[in-house]
Every structure is written in structure tokens, then in C-alpha cells.
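Reading through the C-alpha cells given below for one structure.
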Amino acid sequence: EPVITTQVIKIKYFVGAIFKGLPEDSTVIVLEYLGTLRAAILDQRHVSRPDKTYFFNSFVLLQLIRLVEHDSEEVQEKAYTFLHALCCEKQIAIFQPIQHHSFIAGSSVGGGSAIKSSNTNQNESTQDKKLNRDTNTLVKLCCALKANEDLQQQKLLVELLSRYPSHIFYYFRAFPYALDPRPSFRWQSNVALLTKILHLPVAPIASLTEDSVIQMLDVLLPPALTKAHLSQGLQHASLLVKFTTLSLLSAIFVRLGALLQRVSLSPILHIKLKEHIRRKVPELMILLSLRAKFSESSEQKLEWLYGRLISVITSYKQFLPETVVEARFDLSKLVPSDLISMEETTQTAVLQLLLQLKEGEIRWFSRSAEKKDKTQDAKDTKESSSESLLSELLSLYVSTTGSEVYSLVSQIVHSRLQDLLGGFMSDSEQTVWLSNLTLTSVSFFSKLLEQIAKQTTQSAALDRKS
255 EPVITTQVIK IKYFVGAIFK GLPEDSTVIV LEYLGTLRAA ILDQRHVSRP
305 DKTYFFNSFV LLQLIRLVEH DSEEVQEKAY TFLHALCCEK QIAIFQPIQH
355 HSFIAGSSVG GGSAIKSSNT NQNESTQDKK LNRDTNTLVK LCCALKANED
405 LQQQKLLVEL LSRYPSHIFY YFRAFPYALD PRPSFRWQSN VALLTKILHL
455 PVAPIASLTE DSVIQMLDVL LPPALTKAHL SQGLQHASLL VKFTTLSLLS
505 AIFVRLGALL QRVSLSPILH IKLKEHIRRK VPELMILLSL RAKFSESSEQ
555 KLEWLYGRLI SVITSYKQFL PETVVEARFD LSKLVPSDLI SMEETTQTAV
605 LQLLLQLKEG EIRWFSRSAE KKDKTQDAKD TKESSSESLL SELLSLYVST
655 TGSEVYSLVS QIVHSRLQDL LGGFMSDSEQ TVWLSNLTLT SVSFFSKLLE
705 QIAKQTTQSA ALDRKS
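Residue numbers for the sequence shown follow the numbering used here, so the first one is 255 and each next one is one higher.
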């Protein structure tokens, strides 16, 4: 009976009385109780969402989380399914997603500023109160989940924040896990969870003003994560801590890119956001100081690290180009002299870096890269150093079997050939020339291009003098 059901779930203290001690009850009672709740309340469309929200309050949600940790696997599964339906299933979920939001200064919810729906024009005070209550309930649920320990609870948290992306702001404000770097499984789990959340979509932002930028920036990083933490992680003695920190930095820049798209129509906010991120991430010189150790070793695990390092430096070049200028470092030195023999992931990272560099920032016909293996004999060193960067890229173009590597190196090679040969050779002729290229002819072809480049430069200089 709809009326009776609504009246019963609104009885004062009724909810607390029936949920208190439920996790300690027998498996049979718990399963029967969850089934009854699902059939009589959650699945009933005549029970309104506000009434369901009133019934399934913060206390009830915390008891359901305790059931997810029950000794019985059957209870665990039933409780997880119940929680998932309660919070994530579109037709019966008690929380409504806010598709667009703006940040309101002066209101506090879960340690942060309130978010107001962009399409809420009537009954603003009532809506704000309901919004604050729902937000508090949802954030308490997220923080209570042991998402860094239990994969099932982590899955639920990620789904919750995927469905309610505007609430990532509040969750970051109350982020419950330590982030100071240490070689422990707990820290690895904490950072892995944060990395996963940083890859979630950014909710559209409406009515964003300059005054609310600082509030918005918490969507990008939890206040608990500091520049000192990231710097210490990069300089830690443990290679695993170094790699985890690099992965976290990579995720931070992914989040930054998504957020920049949301404020692309406001150049002022665009600049302020980048300035704020620069104050949050480590200095570029710390990353550059790691290159020697990674590039000098022939160990595969360090090559893996080197590839991730190059990827993060590429993000600095893309989003914070002024840091590269201030460092006064030739980024083409980061291209290994034996790129052709490295893993595809490392090759991809290096090629993406080259695509970020401008024409004057690349030494095509000289080898400025540091040698990766210092144990080779003098003859091999001389031969390696005589190979130009363009020659290395042409060799990779001819020999690679990876589709992504081939696509990237093709962009670079075709662009360079267009610069050198575009004046007297069509695109189709350049394509034919490349199709007939072999590893044995790469050296000759590279030297020929070098001569063309020199003649072009000399001709341009003479034209300027005349």
C-alpha cells in the first residue's frame, strides 16, 4: 500500500532501530531483510525519491557498507548489489546527477564550497538545502568505502564518481588517504585509486567566474597532495615509488587537459589554471635530473621508467612550455641513440615528445642524445654518434611493426620531408621515395637530405644578403 509504506518509513527512530546491529545478525536474516527492503521500498516507483533519500540516510548507507565487509560472501554480494542499485542505477537511484554546476562562494559542504545546478531558478533556497544534504550523504558514503583495500568497494566508488562527476570536488576536499610517498603497499593503493579518479570525466562547468577559480582547482587535485609529496616521490630511492609518482603526474596532466577544455572560452581562467598547476607540480629540473640514470642503464625496468619520464616531460612541454624555456635544456637530448631497439611504449613516448617540439628545437642532422650503454667499444660509439636523429627516425620508420609507432614516426618524417623537399618534389613523389627506402639505404638518404638542408640554408642566407 503506497500510503502506508510512505508513512512507515517516515516514523521517527524506525530506521535506526531496524538497522542497528544488522551486520551482526545471521546470514539468513540479513539476506531476507535486504530482499524485503529492495522489493518493498527501493524498487517501488510509488515511493518518491525524497522519501527514499530520507529512509536511506547516511547511517543506513554506513550499515550497508559494513555488510559489504560481511563474513558471508553471499551477504557481501547482496549488499554490494543493493548499494549499487541504490546509488547508481538510473531508474531507482536516490541521488540525481547534476549535469552542469557552478561554484558558489561562501557556502560550505563537506569541507568545500557548494555547487549549484545551472538550471535551478525556482525555490533556490529549498533546492540548495536538498543539494547540500544529498552532497553530504554522498560524500560520507564515498569516504566510508575502503576503496584502497577492497576492489569491489573501489569499483563502487569509481562508478559513483563517474555518475556524479561534480562531486569529485567534495571527495577530493575530504580525501581520506595519506599521499606522502613511501615504499608501502598502502601508499601504492592510495595513489592507484587517486590516479583512477583523475582519469574520470570532468563535469561541465557553468557560470564560472574569476573569483571562483580557486574553488574549481580542487576538482583537479586533492589539497592533501602537495608539490613536496610529488618532488619527494620523484627523488625517492625506490624505483617503484619513482614510477608510481610519474604515473600520478601523468594522470594529473590528463585531468588538467580535460579541465582546460571546460574553460577554453575564458583565456583568463585558462592562464590562471595553468599558473596554479605550475605551483602544484615539481620543478622540471627534478625530472631532467632523472634522465641520466634512466638513459644510461640497459635494464629493461629502467627503460620502462625512462619512457614514462619522457611522457611526463612531454606534458610539461605541452601545458607548461615556459618551464622548458626557463630550464634552458635541449629536449632533443632526451631522444635515445638506440631508439630503434627500445620498447614500443618508450618509442611512442619519445615520438610524442618530438611532435611537441618546434622546428628550431630539434637537431635533425646531429646526434645530441646521450648514449644509453656506456660499455660499448670505441668503434661502436663513433658509429653511433655519427648517426643523425633523422637517420634514426628513418630507420624506425622502415623497421617498426607497431601501428601507433608507425603513425607517429610517419607524421614526423613526412613533415620533415615536406620542409626539405616540398619546393621541388610532390607529396606522391615523396611517398614513392619513402616506400623504396630500406635499412641499408637509410644512411645515404639521410646524408643526402642533410646536404639539401645545408644548401637551402646557404641559399636563404645569400638571398638575405642580396
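Glycine residues also receive a C-beta, built at the ideal position from the N, C-alpha and C atoms.
Of the residues assessed, Leu494 falls on the exposed side of the cut-off, its CB having fewer than 16 other CB atoms within 10 angstroms. Collapsing the DSSP output to three states places Asp673 in a helix.
Assigned with DSSP and collapsed to three states, Glu597 falls in coil, not helix or strand. Membership of Gly487 in the alpha helix (DSSP H) is indicated by the continuous run Lys481 to Leu488. By the criterion of a C-beta distance shorter than 8 Å, Arg303 is surrounded in its chain by Ile348 and Gln350, once the five residues flanking it on both sides are discounted.
Put simply, the backbone Cα of Leu415 is about 20 Å away from that of Lys306.
Counting along the chain, Tyr267 sits inside no alpha helix (DSSP H), nor does DSSP assign it H or E at all.
With at least 16 other beta carbons inside 10 angstroms of its own, Ile666 counts as buried. Counting C-beta atoms within 10 angstroms of its own C-beta, His421 has 16 or more neighbours from the protein chains shown and is therefore classed as buried. DSSP places Val517 outside both helix and strand once states are collapsed to three, so it counts as coil. Our two residues, Gln407 and Leu392, have alpha carbons roughly 14 Å apart in a direct line.
Residue burial annotation: Ile567 is buried, with at least 16 other C-beta atoms found within 10 angstroms of its C-beta. For the 8 Å CB-CB criterion, Phe426 and Leu475 form a contact. With distances taken between CA atoms, Gly614 lies nearest to Asp673 out of Thr599, Asp673, Thr577 and His483. Between Ile263 and Phe309, the gap from beta carbon to beta carbon is short of 8 Å.
In the structure shown, Met679 adopts coil according to DSSP, grouped into three states. Ranked by how close their Cα comes to the Cα of Gln486, the residues Phe313, Glu343 and Thr499 have Thr499 in first place. If you draw a straight line from the Cα of Val604 to the Cα of Ser595, it comes to about 13 Å. Membership of Leu405 in the alpha helix (DSSP H) is indicated by the continuous run Leu405 to Arg417.
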